[in-house]
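Protein chains in written order, with my numbering: chain A, 4 to 627; chain B, 2 to 82.
Notes follow once the structure below has been shown.
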Ligand SMILES: Nc1nc2c(ncn2[C@@H]2O[C@H](COP(=O)(O)OP(=O)(O)OP(=O)(O)O)[C@@H](O)[C@H]2O)c(=O)[nH]1
Ligand SMILES: [Mg+2]
């Protein structure tokens, strides 16, 4: 991304911003706004094949060939200028210049899907009538041509009274007029009489007329999409394939990821040994080996597994299957009083609850949205994966359950995912039949055509994901393990660190031990539960550090040590505890922000912790 | 209040086209449906039902849009004989 690299590091000054031309990207959901934004600015906003991906405004800088810099704003997709949901409100407010700190756009780039023009062109009327210079970019030119559609752009531009361009944000074709427009140098045809904007049928008729006169030949129906839907939405095959895919995902996460994880583990332990030999025996070496290598290293081992999960999520999102999954799930969601739209954020919560909670902005009904926010952290996020894997690998022997297709470990993992989902829907039901009861908002979901996920986009997702993961490892996880290491090394006895049980950390741990003992946990797990309040996977690092310090000769197999400290009851209790508890400060913070106060996050945190504790207690009783 | 005799989107058979007459829904909901293409005078077709029977996918203006039955019954069709 040369455009990114060449950008000055210092943020632009206020005066610079004032003079810079600001262009907003507007259009219906899934028309390719973010794809174009990324191409223009060299940034990497999330792009995926379902409506409602972007839920925030994003600023970027486009460098034109002449060296001029234009500020571009990517916005959530809207169907009109009458907002129904939070994300649409953002677009509306930015266009009206009502957002503090965001300059009112000088111009609008309206992105429509050229293969869907019959409907999308209707949006041109309200946007053009805003009175800002507008370029109507008909995107997906590649798809239009491939499916045999065509349009006379010049004729259309005369008809709608705004410059028009046929482009492909994906391939980059036809972007010349876009550049000229950003530069403010593109001429506009004479304005035309626009229909009454409040009158949707009138706007539609206006668009139909313009389109017809511009000789629009709609593309052939997407045959592949119809055929695939015939399978994926088939009454029998559909749900069956859904199940098969899920099973395959879990089995792969367990089998295919193992060699990679072993590789990373070997790398970490070898480098640890090497470091130990190379450095003099000081407290610093101990910190490095026990705290950083033992703590952070034991979390990094799980990177391959998490990336594998993200490959699957990426395929799901880029192909367009996600919207179908939401459709299949709508019946279940209806039973608990929510709708299929809530399912899309919930699915993305399998990656992480934070973006999922942001994604609830697309849910029109306020109470539905609130309920979805409250249940999202029950979905098994990728931070739980290391914890689950570690405990399952230590306690569950691998044996085939469904022949070679599903092993006992993957089955256990699947069960934990199911447990999280059940807790989510049960809680939703509870909420929707009491404090968050509401009239139903109609469910309307547009199904995008299937698209082939590209290796490039999957690769970029993995790259970004690795960065996020390593950044977390280098900040939150590193900080907590170092703090823990320090607490476990004081008070010094005769200038030497004390035995770990007598250290400050040990004392704290043993103080809370009575509280966690009913769940089958000892004080070390107790400490892990405290540190994992920062982020779930921190418990792995914490245990890595504690066991490393205890063993005295550095590395000790984490699983081995765990088996000595936990019996089966405790192990199951720990799994169940992690399935239910809300141990994630970022989630608490984002819930506070999205719900505008502390009330909901506090309720949510207490509810989830109580549930985790009681369920853990029950699990320990049953399994020991 | 839907007229008892009038057929709605929910009565469509797969592959058969219907002509929308009016939307019997509160203004904001009707408006959004119209923005999605469900306009009086437009032709709709039932593409398919989802695996568990509801929602259904409707084809309108070359796009595929899923609606629940509870919404579809309020989109009334012109009776064509
Ligand atoms: N064939 C083709 N696909 C495209 C083109 N531009 C975007 N896409 C695909 O269209 C889908 C939607 O793209 P996005 O950029 O996420 O769309 P968006 O308008 O930002 O969507 P929202 O954020 O949901 O409003 C993705 O699968 C893209 O890969 C294009 O020019 N040609
Ligand atoms: Mg977007």
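Note that CB positions come from ideal geometry on N, CA and C, so glycine has one too.
Output, in chain order, the set of chain A residues within a Cβ distance shorter than 9 Å of residue i.
i, result
"residue 66(B)", "447, 448, 449 and 450"
For residue i, verify whether its CB is less than 7 Å away from any heavy atom of ligand 2.
i, result
"residue 351(A)", "no"
"residue 57(A)", "yes"
"residue 77(A)", "yes"
"residue 1(A)", "Nothing can be reported for residue 1(A), as the shown portion of chain A is limited to 4 through 627."
For residue i, verify whether its CB is less than 7 Å away from any heavy atom of ligand 1.
i, result
"residue 2(A)", "One cannot answer for residue 2(A) here, as it falls past the ends of chain A, which runs 4 to 627."
"residue 172(A)", "yes"
"residue 205(A)", "no"
"residue 63(B)", "no"
"residue 146(A)", "yes"
"residue 258(A)", "no"
"residue 228(A)", "no"
"residue 152(A)", "no"
"residue 143(A)", "yes"
"residue 413(A)", "no"
"residue 50(A)", "yes"
"residue 30(A)", "yes"
"residue 34(A)", "yes"
"residue 462(A)", "no"
"residue 454(A)", "yes"
Does DSSP classify residue i as helix, strand or coil?
i, result
"residue 26(A)", "strand"
"residue 399(A)", "coil"
"residue 63(B)", "coil"
"residue 137(A)", "strand"
"residue 207(A)", "helix"
"residue 367(A)", "coil"
"residue 454(A)", "coil"
"residue 43(B)", "coil"
"residue 558(A)", "Unreliable positioning characterises residue 558(A) in this predicted model, as indicated by a pLDDT of 49, which lies under 50. A coordinate reading is not provided."
"residue 220(A)", "strand"
"residue 285(A)", "coil"
"residue 75(B)", "coil"
"residue 438(A)", "coil"
"residue 15(B)", "strand"
"residue 103(A)", "coil"
"residue 170(A)", "coil"
"residue 123(A)", "helix"
"residue 62(A)", "strand"
"residue 21(B)", "strand"
"residue 642(A)", "Since the first residue of chain A shown is 4 and the last is 627, residue 642(A) is not available in this structure."
Can residue i and residue j be called in contact, C-beta distance under 8 Å?
i, j, result
"residue 160(A)", "residue 221(A)", "no"
"residue 583(A)", "residue 614(A)", "yes"
"residue 181(A)", "residue 140(A)", "yes"
"residue 567(A)", "residue 585(A)", "no"
"residue 300(A)", "residue 275(A)", "yes"
"residue 22(B)", "residue 60(B)", "no"
"residue 73(A)", "residue 26(A)", "yes"
"residue 69(B)", "residue 87(A)", "no"
"residue 177(A)", "residue 144(A)", "yes"
"residue 409(A)", "residue 308(A)", "no"
"residue 374(A)", "residue 439(A)", "yes"
So with CB distances below 9 Å, who are the chain B contacts of residue i?
i, result
"residue 333(A)", "51, 53, 55, 56, 67 and 69"
"residue 198(A)", "Here the premise fails: no neighbours, minimum Cβ distance about 13 Å."
"residue 274(A)", "Simply none; closest approach about 51 Å."
"residue 232(A)", "48, 49, 58 and 65"
"residue 441(A)", "None at all; the shortest Cβ gap to chain B is about 14 Å."
Whose Cβ in chain C lies nearer than 7 Å to the Cβ of residue i?
i, result
"residue 330(A)", "Reference to chain C is not applicable here, since the protein chains of this structure are A and B."
Run through chain A and tell me which residues come within less than 8 Å of residue i, C-beta to C-beta.
i, result
"residue 40(B)", "203, 204 and 207"
"residue 30(B)", "444 and 445"
Using the beta-carbon of each residue, which ones in chain B are nearer than 7 Å to residue i?
i, result
"residue 82(A)", "33, 36 and 37"
"residue 236(A)", "49, 51 and 52"
"residue 462(A)", "Result: empty, since nearest Cβ-Cβ is about 30 Å, beyond 7 Å."
"residue 2(A)", "Nothing about residue 2(A) can be read from this structure; chain A reaches only from 4 to 627."
"residue 241(A)", "52"
Name the chain A residues that come within less than 7 Å of residue i, Cβ to Cβ?
i, result
"residue 62(B)", "121 and 122"
Inter-stretch contact (C-beta, 8 Å, three-pair minimum) for the region 536-550 of chain A and the region 378-398 of chain A:
yes
Does the region 290-300 of chain A come close enough to the region 343-353 of chain A that 3 or more CB-CB pairs lie under 8 Å?
no
Below 8 Å, can you find three or more Cβ-Cβ pairs linking the region 424-442 of chain A to the region 374-381 of chain A?
yes
Are three or more beta carbon pairs between the region 311-324 of chain A and the region 47-54 of chain A nearer than 8 Å?
yes
Taking three-plus beta-carbon pairs below 8 Å as touching, is the region 108-125 of chain A in contact with the region 142-156 of chain A?
yes
For the structure I just gave you, are there three or more beta carbon pairs, one from the region 223-232 of chain A and one from the region 445-459 of chain A, closer than 8 Å?
yes
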